[in-house]
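Residue numbers (UniProt numbering): 1 to 392.
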């Protein structure tokens, strides 16, 4: 959004925060009912990687993924068109959040590996049509708060000199603030990976990212009064979202341990017997029940030294590196290949018409249930199917 740089440090910070909280009450509802929901993770990662490639701000990245989620939720999009939809969402978000010279150019997008590997080409007409359709879908309102819009305001008081680390006074306040910011950014990226986080208000997700970071850093009290007052969220209200974030964190730690073990095993190829799991690898599976036991704010996250090193390895790079975009999903790959069959020696151009057709009636509300297969829901609002050329 068009907010002054570092607004959270200015005199109007409380007023701006209040305005953002008011706007999030009017956000479009999300049902998680897209027929292409199984491809959502791939395209969310694609947006994150491309935004990192062009050094876009977190607000642009999160807004782009949010636009994609809402658009997929309302339209039945052929899989071969999801690339142009995802990149158009990123372009709109970057135009809204970034300076003009930071917005990716068309030729830069076409040079991306994900486009060249699949022999896809975006045209100016494609992007203009899709941007227009997106804007009409959201009624020309892109002022949609995300967790990234709240996080800096909450981080401004996330660490205080009166906090304790492992029950002792902090040795270096500035270093702790730095790690707090890194972990909060990490958890923000975690929240992009799973559409289930759309079931929570953006301000709640941002608050849970701060609380999860305090747990990982073993700061006490886990949820101090100052954060309770600033965010207006109690600890008990945050627990479900915190638990999701910490489970994802442990999965990353497990993956880091697994990769570390594989590298060590390949380096010691002369040893025929596989090494036994380390105590840290065995104990990491037992952490989740301990995180929120009795839902007490005094809980701490107990990782051994080697696990802390793995966590730091995760933080040392962008979180999207933990979710490599190695290959396109099989369904998407086969669909694009089928679409491009017969176009020998020529790149496939993506075309998007503006015509849409009502399909089924759906009910939109804040509480949604995650679905696997696609279901028709009767009564309520409106859902439309985006009919695209060549879509079967």
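The C-beta atom is built at its ideal place from N, Cα and C for all residues, glycine as well. Computed from a predicted model, the values in this text were never measured in an experiment.
Runs of alpha helix (DSSP H) lying entirely within the stretch 152 to 228, each at least 4 residues, in chain order: DSSP assignment within the stretch 152 to 228 yields the following whole alpha helix (DSSP H) runs of 4 residues or more, N-terminal first: 173 to 193, 202 to 216.
Among 82, 25, 57, the one whose alpha carbon lies nearest that of residue 36: Taking only the C-alpha atoms, the option nearest residue 36 is 82.
Rounded straight-line distance, which links the Cα of residue 62 to that of residue 193: Those two C-alpha atoms are separated by around 11 angstroms.
Euclidean distance between Cα positions of residue 14 and residue 207: One C-alpha to the other measures close to 16 angstroms.
Proximal residues to residue 51 (C-beta, below 6 angstroms), its chain only, five neighbours per side dropped: If we look at residue 51 and ignore the five residues flanking it on each side, its Cβ neighbours are 61.
Boundaries of the alpha helix (DSSP H) in which residue 50 is found, first to last residue: For residue 50, the enclosing alpha helix (DSSP H) starts and ends at 40 to 53.
Residue 69: first and last residue of the uninterrupted alpha helix (DSSP H) it sits in: Its alpha helix (DSSP H) spans residues 58 to 74.
Cβ neighbours of residue 131 in the same chain (closer than 8 angstroms, five flanking residues each side left out): Within the same chain, and ignoring the five residues on either side of residue 131 in sequence, the residues whose Cβ sits closer than 8 angstroms to its Cβ are 88, 91, 92.
Of the residues 266, 149, 170, the one placed nearest residue 209, counting alpha carbons only: Here the closest residue by C-alpha is 149.
DSSP three-state assignment for residue 27, whether helix, strand or coil: Note: residue 27 maps to coil in three-state DSSP.
Residue range of the alpha helix (DSSP H) that includes residue 96: First-last of the alpha helix (DSSP H) with residue 96: 82 to 97.
Rounded separation between residue 397 and residue 224 - CA only: With the chain running from 1 to 392 in the structure shown, residue 397 is simply not present.
Beta-carbon proximity list for residue 152, same chain, < 6 angstroms, skipping 5 on both sides: Here the set comprises 8.
Pick from 187, 257, 231, 222 that is closest to residue 246, judged by C-alpha positions: Nearest of 187, 257, 231, 222 to residue 246, Cα basis: 187.
Residue 276 classed as buried or exposed, judged by whether at least 16 other C-beta atoms fall within 10 angstroms: The pLDDT assigned to residue 276 is 48, lower than 50, so where the model puts this residue is not dependable, and the model offers no usable value.
Sequence-distant residues of its chain with Cβ nearer than 8 angstroms to residue 228 (five each side left out): Residues 234, 235 of the same chain have their beta carbon placed closer than 8 angstroms to that of residue 228, with the five preceding and five following residues left out of the count.
Limits of the alpha helix (DSSP H) - the one that residue 118 falls within: In the DSSP annotation of this structure, residue 118 is not part of any alpha helix (DSSP H), being labelled neither H nor E.
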